[in-house]
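**Q** Residue numbers (the working numbering), protein chains in the order written: chain A, 1 to 274; chain B, 275 to 545.
Every residue gets a Cβ at the ideal spot worked out from N, C-alpha and C, and that includes glycine.
This one's a predicted model, so the numbers in the text were calculated from it and none came from an experiment.
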């Protein structure tokens, strides 16, 4: 092979990263005890079959359905209220940590040390908020405010603030910087530059991620229901413990419907903004 | 009063090798003057305009904008100064999903309160002014269209309509007619010059169309490899000087340095 005179400068970095990725991945598979063949064990298959048979007859007693409806409403309310509270924290945090909106970087390529420090500190706070699993937040809040939806709402609000702010900032920074940069260069303020430069660029992605997080919050509130944070999850826990497969099936169907509804909302909003 | 005064100003690229883009420039531009910046590609025209817009910090020498050194001011004062300058980059900085009216009215942002900026997103603050600015470029009917529905030439003029709405005292325009046909190009330049004259603003305009530059601008600055080759009233700029400015333009077959790893590679390139 002839020697290439103009080698791609990124080539070596790519190969190295790929190798590092593989080397890191293997111990992770071992540590995670990833043994997919256990699923096809005869005993596992029998157990799964029994569950499935029970699930085929979802419970449709009117009294039970009314209760499910009530609890579904509460689950949606927990997810929505939690997400709204999270947005109240995440939007200002995004505004602060987004490096693209730095005025001191303009013309120098470097941020002021104070600004860099504030951004980094807030990033660490966000890491803290989202590194504690929402289930643990929920357990904590159940201790503090007692059993019920309030604990679920607060748990979602805290952990989702961390996630939303991080991803919002990343979405904004992966858009085209030109419009924002020029608005700043022409003397625009940080928030106007965000609203007029970066936001129209990324609005569809931001909305779709937010709706997806709402969907996650619905699912999350189900898990948190198991530790007593209210909603459909708490009923799901009770029915599972009573081995009422039909009831569990009904409630799972409700979750499927909720997620599908979130999907529709997301599609609709994206088309409007697209 | 001079709008700009540059003494031995050296400007380096902000990333990569930090090689000088402009070498020891001496330049003075008076208020209300109209200057065309010409020179081959890569001469440093865009860097000079960015430096004049206080969007690129010079490395050495002194820069005075309206009699003050912007890089000695506090950050807030410097940012306030930027609102008196208007940089119109060659690529129109218009978000594709934005409506034209919003993109044009964004020129007013430095002078708007936050409340005005917010409410203008919901109901445009001064659509008539935006329409008037667009109409001068023949784009009046595009007021409520989306930017991504415009053609390249329409986008470029839409970016210039934003300039008409700013209240800046120095207009720094980078190749405003790159995407326009010859007739439209002449008309567009005439509007820019008339606007600058009318509000007594300084106009610095980089151009690749030497003929149009000589036709419309009283003063020409020839830039090549980061140095000023000539800076003269148009009567004194001869064809020979122009020919020399662009002379033996050759593409260097063997770059001296190895390739810099670019700071950002296009999306999809992984790293």
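Where residue 121 of chain A and residue 305 of chain B are concerned, what is the direct C-alpha to C-alpha distance, given to the nearest angstrom?
**A** By 1-based counting over the first chain, the position of residue 121 of chain A is 121. By 1-based counting over the second chain, the position of residue 305 of chain B is 31. If I take the Cα positions, the gap works out to 45 Å.
**Q** What's the gap between the Cα of residue 544 of chain B and the Cα of residue 8 of chain A?
**A** To locate residue 544 of chain B, count along the second chain from 1; it is residue 270. To locate residue 8 of chain A, count along the first chain from 1; it is residue 8. Low confidence applies here, because residue 544 of chain B scores a pLDDT of 44, under 50, leaving its location unreliable; read the following figure in that light. Rounded to whole angstroms, residue 544 of chain B to residue 8 of chain A spans 13 Å at the Cα level.
**Q** May I ask you to report which of helix, strand or coil DSSP gives residue 6 of chain A?
**A** Looking up residue 6 of chain A in the first chain gives position 6. Residue state, collapsed to three classes: coil.
**Q** Say whether chain B places a C-beta atom closer than 8 Å to the C-beta of residue 91 of chain A.
**A** Locating residue 91 of chain A in the first chain gives position 91, counting from the first residue. Not one chain B Cβ lies under 8 Å of residue 91 of chain A.
**Q** Could you name the residues that DSSP lists as bridge partners for residue 308 of chain B?
**A** For the purposes of this step, residue 308 of chain B is taken as residue 34 along the second chain, with counting starting at 1. Answer by DSSP bridge pairing, in chain order: B:477.
**Q** Applying the 10 Å Cβ sphere with the 16-neighbour rule, what's the burial state of residue 186 of chain A?
**A** Walking along the first chain from the start, residue 186 of chain A turns up at place 186. Under this definition residue 186 of chain A is a buried residue.
**Q** Quick one: residues in its chain with C-beta nearer than 7 Å to the C-beta of residue 265 of chain A, no 5 flanking neighbours on either side, listed in chain order?
**A** The residue labelled residue 265 of chain A in the question sits at position 265 within the first chain. Contacts found: 211.
**Q** From residue 160 of chain A to residue 76 of chain A, what does the alpha carbon distance come to, in whole angstroms?
**A** Taking the first residue of the first chain as 1, we reach residue 160 of chain A at position 160. Taking the first residue of the first chain as 1, we reach residue 76 of chain A at position 76. C-alpha separation (whole angstroms): 16 Å.
**Q** What is the DSSP secondary structure of residue 503 of chain B, counted as helix, strand or coil?
**A** Mapped onto the second chain, residue 503 of chain B falls at position 229. In the structure shown, residue 503 of chain B sits in a strand (DSSP, three-state: E or B).
**Q** Strictly under 8 Å for the Cβ-Cβ distance: is residue 188 of chain A near chain B by that measure?
**A** Counting from one through the first chain, the residue named residue 188 of chain A turns up at place 188. Interface residue, yes.
**Q** Candidates B:406, B:495, B:379, B:371: which alpha carbon is nearest residue 465 of chain B's?
**A** Here residue 465 of chain B refers to the residue found at position 191 of the second chain. Minimum Cα distance to residue 465 of chain B is reached at B:406.
**Q** For residue 397 of chain B, which three-state DSSP category applies?
**A** As a working mapping, residue 397 of chain B is identified with position 123 in the second chain. It is coil, neither helix nor strand.
**Q** Ordered along the chain, which non-local residues of its own chain (more than five positions away) have a Cβ less than 6 Å from that of residue 190 of chain A?
**A** For the purposes of this step, residue 190 of chain A is taken as residue 190 along the first chain, with counting starting at 1. The residues are 101.
**Q** Got a sec? Which residues, its chain only, sit under 6 Å from residue 419 of chain B by beta carbon, not counting five neighbours each side?
**A** Taking the second chain and counting its residues from 1, the one referred to as residue 419 of chain B is at position 145. So the list reads 374, once near-sequence residues are dropped.
**Q** Please name the residues in the stretch 95-126 of chain A whose beta-carbon is closer than 8 Å to at least one beta-carbon of chain B, in chain order.
**A** Correct list: 103, 104, 106, 107, 108, 109, 112.
**Q** Quick check on the DSSP output: the beta strand (DSSP E) that includes residue 335 of chain B runs from which residue to which?
**A** For the purposes of this step, residue 335 of chain B is identified with residue 61 of the second chain, where counting begins at 1. Taken as a continuous stretch (DSSP letters only), the beta strand (DSSP E) holding residue 335 of chain B covers 334-339.
**Q** Would you say the stretch 169-180 of chain A touches the stretch 193-203 of chain A, given that touching needs at least three Cβ pairs under 8 Å?
**A** Yes, since at least three Cβ pairs between the stretch 169-180 of chain A and the stretch 193-203 of chain A fall closer than 8 Å, the two stretches touch.
**Q** Output the distance between the C-alpha atoms of residue 521 of chain B and residue 300 of chain B, rounded to the nearest integer angstrom.
**A** Translated into the one-based positions of the second chain, residue 521 of chain B becomes position 247. Translated into the one-based positions of the second chain, residue 300 of chain B becomes position 26. So the alpha carbons of these two residues sit roughly 23 Å apart.
**Q** Whole angstroms is fine: what's the gap from residue 399 of chain B's alpha carbon to residue 229 of chain A's?
**A** Here residue 399 of chain B corresponds to residue number 125 of the second chain, with the count starting at 1. Here residue 229 of chain A corresponds to residue number 229 of the first chain, with the count starting at 1. One C-alpha to the other measures close to 47 Å.
**Q** Chain B beta carbons: is any one of them nearer than 8 Å to that of residue 182 of chain A?
**A** Translated into positions along the first chain, residue 182 of chain A becomes position 182. Yes, its Cβ sits closer than 8 Å to a Cβ of chain B.
**Q** Between residue 328 of chain B and chain A, is any beta-carbon pair separated by less than 8 Å?
**A** Here residue 328 of chain B refers to the residue found at position 54 when the second chain is read from its first residue. Yes, contact with chain A.
**Q** Hey, how far is the Cα of residue 80 of chain A from the Cα of residue 215 of chain A?
**A** Reading the first chain from its first residue, position 80 is the one you call residue 80 of chain A. Reading the first chain from its first residue, position 215 is the one you call residue 215 of chain A. Spanning the two alpha carbons is a distance of roughly 10 Å.
**Q** Throw me the rounded Cβ distance for the residue 298 of chain B and residue 359 of chain B pair, which I believe falls under 8 Å.
**A** Taking the second chain and counting its residues from 1, the one referred to as residue 298 of chain B is at position 24. Taking the second chain and counting its residues from 1, the one referred to as residue 359 of chain B is at position 85. Contact flag wrong, Cβ pair sits at about 23 Å.
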